[in-house]
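Written out below as structure tokens is the structure these notes cover.
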Ligand code: NAI
């Protein structure tokens, strides 16, 4: 039988944490034959709630779950972890300036980067979920220089899955028959959901989404804004932000990264830009990626039309500004 994999979840007493940890313990993230040990981190005010989550994990008697460490000590939490899902962060509260929120998160991600660098297992894979996700991941990368940059990513898979969901609803087809949408850029309202290479499996073979939808005004307008603003629409409806879909998408992100993407399919991941598609190098930017043997690579050679180019550049600009703001918090 396989050795357990140690999975860290930070912010584990929060909403996403509550949805995510049972999925991991059931094998949704790493497979139904992969035992896991959960490392749960939160801050002292949430310690009691965190212990309650641990109690429920024991009560659920998950066969794959070989241990739970619930702690407010970042070193204990990071020790020996193979996968780190960073959900903990400082939320923007009413009346707060962007710079103040950034500054709080920069200091959290700087400290957690050092703990991971010193105490995580070799080749630990990191997924940052907490917002601003791309920039938190960039700070983590900067302050964990011995972790390979390929191992530090952020979550845009929820946006990717939202785009698949919108196409499936519009065409009244199974979501599993839709593939190869792309989320470019920031996990924010400047992200660009791109369907120019997306296809649908039909009884008559694979067809381009553009051909089947046959409504460029919708695809270039309402579709894009719906995906960009879906997070806000969920908050309006639930009075709470997306949690089950965020947790499920975090599992999809790690599963496809570790176990590989299906042949002919790509997914969206926020990764360290190497300058592909003329996106400035040195940003954490969402690209289409495939994965094999635990290593992702950016899908190359896709045609980018003029409409798309502008949108790729706009979201890159926002990320460059966020990066500058984050660095200004460091000095
Ligand atoms: P939440 O507020 O319910 O939970 C956050 C948890 O993090 C709390 O328990 C809090 O105590 C903890 N925390 C705060 N500082 C911490 C620290 N320094 N170390 C460890 N834990 C810490 O929030 P929720 O709804 O679970 O969302 C978590 C984050 O995920 C937010 O930043 C949210 O904006 C982001 N998010 C990102 C999405 C994405 O697609 N990338 C989608 C949805 C949410």
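In full-length UniProt numbering, the protein residues as written are 3 to 333.
Backbone N, C-alpha and C fix where the C-beta goes; we use that ideal spot for every residue, glycine too.
For clarity, every value in this text was computed on a predicted model and none was experimentally measured.
Distances taken from the Cβ of residue 157 to the heavy atoms of the ligand NAI include one shorter than 8 Å. Per DSSP, reduced to three states, the secondary structure at residue 37 is coil, with no helix or strand assignment. Between the alpha carbons of residue 325 and residue 200 lies a distance of about 30 Å. Ranked by Cα distance from residue 125, the options 147, 110, 108, 113 are led by 147. Judged by DSSP secondary structure, residue 13 falls outside any beta strand (DSSP E); it is assigned neither H nor E. With fewer than 16 neighbouring CB atoms inside 10 Å of its own CB, residue 242 falls in the exposed class. In this structure the stretch 314 to 328 lies against the stretch 175 to 195, because at least three pairs of beta carbons, one per stretch, are closer than 8 Å.
With respect to the C-alpha of residue 61, the residue from 27, 75, 215 having the closest C-alpha is 27.
In the three-state reduction of the DSSP assignment, residue 88 falls in the strand class. Between residue 139 and residue 206, the alpha-carbon positions lie close to 42 Å from each other.
If you draw a straight line from the Cα of residue 106 to the Cα of residue 135, it comes to about 13 Å.
Counting only runs of 3 or more residues that sit fully inside the UniProt domain "Lactate/malate dehydrogenase N-terminal" (7 to 154), the beta strand (DSSP E) segments are 7 to 12, 38 to 43, 67 to 73, 85 to 88, 127 to 130, in chain order. When C-beta atoms of the stretch 105 to 120 are compared with those of the stretch 73 to 90, three or more pairs fall below 8 Å, so the two segments count as touching. For a cut-off of 8 Å, the C-beta gap from residue 161 to residue 185 is around 4 Å, short enough to register as a contact. Judged by pairs of C-beta atoms under 8 Å, the stretch 53 to 70 touches the stretch 19 to 34, as three or more such pairs exist. Taking non-hydrogen atoms of the ligand NAI into account, the C-beta of residue 12 is found less than 8 Å away from one of them. When 3, 154, 217, 43 are compared, the shortest CA-CA separation from residue 255 is found for 154. Across the set 218, 95, 91, 110, the C-alpha of 91 shows the shortest separation from the C-alpha of residue 14. Residue pairing by DSSP puts residue 299 in a beta bridge opposite 292. Just so you know, the alpha carbons of residue 163 and residue 113 end up roughly 31 Å apart. When distances are taken from the beta-carbon of residue 154 to the heavy atoms of the ligand NAI, even the shortest one reaches 8 Å or more.
For the pair residue 274 and residue 261, the CB atoms are not nearer than the 9 Å cut-off.
Your pair residue 10 and residue 87 checks out as a contact, with CB atoms roughly 7 Å apart and the cut at 8 Å. Using a Cβ distance threshold of 9 Å, residue 271 and residue 203 do not count as a contacting pair. Membership of residue 201 in the beta strand (DSSP E) is indicated by the continuous run 201 to 204. Under the criterion of beta carbons closer than 8 Å, residue 211 and residue 168 do not qualify as touching, at roughly 10 Å. Setting aside the 5 residues that flank it on each side, residue 170 is surrounded in the same chain by 176, 177, 179, 180, each with a C-beta closer than 8 Å to its C-beta; the list follows chain order.
With 16 or more other Cβ atoms inside 10 Å of its own Cβ, residue 44 counts as buried.
Rounded to whole angstroms, the separation of the alpha carbons of residue 132 and residue 110 is 11 Å. In the three-state DSSP reduction, residue 268 falls in the coil class, being neither helix nor strand.
Counted as a single uninterrupted DSSP element, the alpha helix (DSSP H) harbouring residue 226 occupies residues 224 to 230. Residue environment: residue 143 is assigned as buried (16 or more neighbouring CB atoms within 10 Å of its CB, all protein chains considered).
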